[in-house]
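Offset between the sequence shown (1-based) and the working numbering: plus 28.
All residues carry an ideal CB built from backbone N, CA and C; glycine is no exception.
This report refers to the structure that appears directly beneath it.
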Amino acid sequence: MALPQVPSTHFDTLSALARAAGIPKTLRQGDILHLQGDAPTGFYLVESGELQSYVISEEGKQVVIEVFSPGMLFGGASYFNRLPRPTSIMASTPARLYLLRLEDILPHLLRSPALIEALCGLLCNSIFPLSVKIASLA
């Protein structure tokens, strides 16, 4: 099943917000952004590069859960629910991303329904591929 594409306007809109109110992060290949169990400080928008979400199995093997590429958001579930990070995140290529924190972006969101729509669209899109992956295991 082919996954639907997120409207590019969502990324463009949220990217403008990230540049205005986010905290830029640059990672080299192999850099760890955070580890499983860490307390969340925000959520992320990937501008360039790829990052892997992974866990370490009981046998000590790294198991990739998801790959994040440009235009994708991640980390929102643990951040908004104030829960520890469920996976570790590592840059699989050099990457540039933005750390987004509610206290920094809220003033912008309150002034712009388009930003709220873009954020909701990208957050919902982060759930859809995992739902498809789980359904394929049935």
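### Runs of alpha helix (DSSP H) lying entirely within the stretch 75–105, each at least 4 residues, in chain order
none
### Query
Among C148, F39, F71, I84, which one has its Cα closest to the Cα of L127?
F71
#### Entry: C-beta contact flag for L61 and L79 at 8 Å
yes
#### Entry: For A67, the three-state DSSP class (helix, strand or coil)
coil
### Query
Buried or exposed: which applies to L73, given that a residue is buried once 16 or more other Cβ atoms fall within 10 Å of its Cβ?
Buried, since its Cβ has 16 or more Cβ neighbours within 10 Å.
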